[in-house]
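>
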Amino acid sequence: MFSNNFTSSKNVPVLLVPSGIWDAGETLGKYYGKVSPLPFKFISRKKVALTKLTPWKRFLSAASSVWMLVHTLICCYLLAAAYAYRNENYTDNRNKKVATFGLVYLSIYPLCMSGISFAIGFSPLVGPNVINPMEFFEKRLTELHYPNQSSQPSTSSIWLSPALKLLTWGVLVVPIILTPIFVLYDLDPLHVFLHCPQLPCPSWISLLLHLIRTLLLLPVATELSKCTTTLLIVGLGVVGACTKVMLELKSRMESPFVLYKMKLIQIYKEFQIWNVYLNTTFAYRAIPPLVFFGAGLMILSSYGTIRMFHSAPGVLYPLMPGSGVLTLLFLVTLLPQGARTFENSVIFLHTVKRCLINKYGRKREKVSKSLRPVGIMCGPFGMIGRKWTLKMAQTIPDYTATLLLTM
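The C-terminal position of the sequence shown is numbered 546 in my numbering, with every residue numbered one higher than the one before it.
1) Where does MET546 sit, in a helix, a strand or coil, going by DSSP?
2) Using the beta-carbon count (16 or more within 10 Å), is ARG352 buried or exposed?
3) State yes or no: is the C-beta of ILE535 within less than 8 Å of the C-beta of MET437?
4) Secondary structure at ALA302, three-state DSSP: helix, strand or coil?
5) Can the beta-carbon of LEU242 be found less than 8 Å from the beta-carbon of THR211?
6) Given this structure, state the Cα-to-Cα distance separating LEU323 from LEU208, to the nearest angstrom.
7) Would you tell me roughly how many angstroms separate the C-alpha atoms of PHE141 and GLU282, rounded to the nearest one?
8) Can you tell me which of PRO152, VAL174, LEU154 and ILE160 puts its alpha carbon nearest to the alpha carbon of LYS365?
9) Apart from the five residues on each side of it in sequence, which residues of its chain come closer than 6 Å, Cβ to Cβ, to VAL378?
10) Could you tell me the alpha carbon to alpha carbon distance between PRO428 and VAL310, rounded to whole angstroms?
11) Comparing C-alpha positions only, which one of GLY463, LEU455 and THR528 sits nearest to GLU482?
12) When DSSP builds the beta bridges, which residues end up paired with LEU370?
13) Following the continuous alpha helix (DSSP H) through LYS408, name the residue where it begins and the one where it ends.
14) Count the other CB atoms within 10 Å of the CB of ILE457; is the residue buried (16 or more) or exposed (fewer)?
15) Does DSSP classify MET531 as helix, strand or coil?
16) Can you tell me which of the three DSSP states ARG202 falls into?
17) Could you name the residues of the same chain whose beta carbon sits closer than 6 Å to that of LEU347, not counting the 5 residues immediately before and after it, in chain order?
18) Buried or exposed: which applies to ARG493, given that a residue is buried once 16 or more other Cβ atoms fall within 10 Å of its Cβ?
19) Exposed or buried, which one is LEU155 when buried takes at least 16 other CB atoms within 10 Å?
20) Which residues bound the beta strand (DSSP E) around LYS186?
21) Skipping 5 residues on each side, what residues in its chain have a beta carbon closer than 7 Å to that of TYR248?
22) Short of 6 Å in beta carbon distance, which residues of its chain neighbour LYS236, apart from the five on each side in sequence? Order them along the chain.
23) Is the beta carbon of MET546 less than 8 Å from the beta carbon of SER484?
24) So, with DSSP's three-state summary, where would you put PHE141?
25) Check this for me: beta carbons of THR190 and LEU177, under 8 Å apart or not?
26) Excluding five sequence neighbours on each side, which residues of the same chain lie with their C-beta closer than 6 Å to the C-beta of ILE270?
27) Using 10 angstroms around the beta-carbon of LEU417, count the other beta-carbons present and answer buried if the total reaches 16, otherwise exposed.
28) Kindly indicate which residue of TYR423, GLN405 and LEU388 has the alpha-carbon position closest to the one of ILE486.
29) Where in the segment 226 to 286 do unbroken runs of the alpha helix (DSSP H), each at least 4 residues long, occur, reported from the N-terminal end onward?
30) Give me the Cα-Cα distance between LEU167 and ILE372, rounded to the nearest whole angstrom.
31) Taking the alpha-carbon of TYR216 as reference, which of PHE198, LEU245 and LYS196 has the nearest alpha-carbon?
32) Nearest-angstrom Cα distance between ARG134 and GLU409?
33) If I measure Cβ to Cβ from SER203 and keep anything under 6 Å in the same chain, skipping five residues before and after, which residues do I get?
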C-alpha cells in the first residue's frame with residue numbers, strides 16, 4: 140500500500156556523494172598505493188573495499204603512523220629544550236627564526252593529522268563501513284517518493300573532480316620535492332642527532348648523513364600527504380552526504396501524509412545508528428586534533444606568510460601560503476557542512492515533535508523521544524554546530540593579529 144501511494148517510476152535519483160569524490164578516490168588509490176600502503180580503495184562509484192595488503196605492507200601502514208608520532212615528539216622535545224636552555228647551537232648556526240618555525244610547523248601539522256593517520260593504520264575497516272552505507276541511504280530516499288515531491292538539487296560541480304584530482308597529484312609530488320630541501324637547510328629535527336662531528340666534514344660522510352635524514356623524513360611527509368588527501372576526499376564525501384540526507388528529510392517532513400512521515404522517521408533512525416558508529420569509531424578521536432591543531436596551523440601559516448617572506452628560503456616560502464590555503468579549505472568546507480548537518484537535524488526533530496505529538500497526541504511521544512540530533516562529534520566537546528564556525532572565524536584572525544604584534 141505504501142509503495143503504491145508514495146513511489147513512482149519517475150523517481151528523481153538522490154545523489155549523496157558526487158561523482159567527483161569517487162573519481163578522486165580512485166586516483167588516490169591508484170597512485171598513493173605505489174608510494175604508501177592504503178588499506179582500502181574505491182572500486183566503483185558506490186563502494187569502498189579493503190585492500191589485500193601483504194604482511195609487510197600492513198606493517199608499513201601501521202609503522203608510518205607510529206614513526207610520524209615519534210618524529211613529532213622529537214620536534215616538541217627540541218622546541219622545549221630550545222626554550223628552557225636557550226640553546227643557540229641546536230640550529231647548527233642556521234637562521235634561528237626559520238629553524239624554530241620549521242620545528243613548530245613539523246610539530247603542529249602531524250598532530251593535526253594524527254587521528255586520521257592512526258585510523259588508517261590501525262582501523263582500516265572504518266573507511267568502508269563509513270562510506271558504503273551512503274548507497275543504502277541513496278536508495279531509501281530515492282524509493283521513498285510521492286507525487287510532486289522534488290528532490291534537493293545536487294551539490295556536485297563540474298570542477299570538483301578535476302580540482303580534487305589536481306590536488307591529489309600536487310600533494311603527492313610536494314613531499315618528494317620538499318623533503319630533500321628541508322634536509323638541505325637543516326630544518327628537520329634529526330639534524331641535531333645526525334650531523335658530522337668533524338669540521339670540515341668529509342663530503343662522503345655529509346652526503347651519507349643527508350641521505351639517512353632524507354629517508355627518515357620522507358615517510359613522515361608521505362604520511363602527512365596521504366592523510367591530508369584522504370581526509371579531504373572522504374571528509375567532503377561523508378559530511379556533504381550527511382548534509383544532503385538531513386536536507387532531504389527536513390524538506391520531505393512537510394508532507395501531509397502521516398504514513399509517509401513515519402517512513403521518514405524510520406530512515407532518520409537508521410541514519411542515526413550510522414552516525415553513532417561514525418562518531419564512536421572515528422570522529423570522537425580524530426576530529427578534536429584536526430579542529431584545534433588545524434586552527435593552530437592556520438594561524439602559523441598566516442604568520443609565516445607575512446613575517447617569513449624575507450627570512451625563509453625562496454624554495455620553501457610557498458609552503459606557508461599553500462598550507463594556509465589548504466587548511467582554510469578544510470575549515471570553510473568541512474566545519475560549516477558539519478554544522479549544517481547538526482542544525483538541520485535539530486529542525487527536523489522539532490518538526491517531528493510538532494507533527495506527531497502536538498497534532499496526534501501523546502501516543503507518538505515515545506517515537507519522538509527515541510530520536511537524537513545527528514552530526515559530527517568533536518570528542519567530549521559535543522557536536523559541531525554553528526557556534527563552532529563563528530568561533531573559528533573569530534579566533535583565527537584574533538590570534539594571528541596577536542602573534543604578528545608580539546613576535
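Just so it is clear, CB atoms sit at the ideal spot from N, CA and C, and this is done for glycine as well.
Inspection of the coordinates gives the following:
1) In this structure, MET546 counts as coil in the three-state DSSP scheme.
2) Under this definition ARG352 is a buried residue.
3) Their beta carbons are under 8 Å apart, which means ILE535 touches MET437 by this criterion.
4) ALA302 falls in the helix class under three-state DSSP.
5) Judged by their CB atoms, LEU242 and THR211 are not nearer to each other than the 8 Å cut-off.
6) Taking C-alpha positions only, LEU323 is separated from LEU208 by approximately 23 Å.
7) In this prediction, PHE141 scores a pLDDT of 42, lower than 50, which makes its location untrustworthy; no coordinate-derived value is stated.
8) The shortest C-alpha separation from LYS365 is found at VAL174.
9) Closer than 6 Å at the Cβ level, and outside the excluded window around VAL378, lie LEU473, GLN476 and GLY477.
10) The C-alpha of VAL310 is placed about 21 Å away from the C-alpha of PRO428.
11) The alpha carbon of GLU482 has as its nearest neighbour, out of GLY463, LEU455 and THR528, the alpha carbon of THR528.
12) Within the DSSP bridge table, the entry for LEU370 names no partner.
13) Bounds of the alpha helix (DSSP H) holding LYS408 are 397 to 417.
14) First, the amino acid is wrong: residue 457 is Pro here, not Ile. The residue in question, PRO457, is exposed, as its Cβ has fewer than 16 Cβ neighbours within 10 Å.
15) In the three-state DSSP reduction, MET531 falls in the helix class (H, G or I).
16) Note on residue identity: the sequence assigns Ala, not Arg, to residue 202. Assignment of ALA202 by DSSP, reduced to helix, strand and coil, places it in the helix class.
17) Excluding residues up to 5 positions away in sequence, nothing lies with its Cβ nearer than 6 Å to the Cβ of LEU347 in the same chain.
18) Under this definition ARG493 is an exposed residue.
19) Buried is the call here.
20) In the DSSP assignment, LYS186 falls within the beta strand (DSSP E) that extends over 186 to 189.
21) Excluding sequence positions up to five before and after TYR248, its CB lies within less than 7 Å of the CB of LEU363 and LEU436, all in the same chain and listed in chain order.
22) For LYS236, the CB contacts under 6 Å within the same chain, skipping 5 residues up- and downstream, are SER450 in chain order.
23) Their beta carbons are not under 8 Å apart, which means MET546 does not touch SER484 by this criterion.
24) Low confidence applies to PHE141: its pLDDT is 42, below 50, so where it sits in the model is not reliable, and the reading given next is rough at best. Helix.
25) One thing to note: THR190 has its Cβ within 8 Å of the Cβ of LEU177.
26) Closer than 6 Å at the Cβ level, and outside the excluded window around ILE270, lie VAL187.
27) LEU417 counts as buried, since at least 16 other C-beta atoms from the protein chains shown sit within 10 angstroms of its C-beta.
28) Residue LEU388 is the option with its Cα nearest to ILE486.
29) Counting whole runs of 4 or more residues, the segment 226 to 286 contains the alpha helix (DSSP H) stretches 235 to 251, 253 to 261, 265 to 270 and 272 to 282.
30) It is roughly 9 Å from the alpha-carbon of LEU167 to the alpha-carbon of ILE372.
31) The shortest C-alpha separation from TYR216 is found at LEU245.
32) Nothing can be reported for residue 134: it is not among the residues displayed for the chain, which extend from 140 to 546.
33) The beta carbon of SER203 sits closer than 6 Å to those of PRO358 and GLU362, all from its chain and outside the five residues before and after it, given in chain order.
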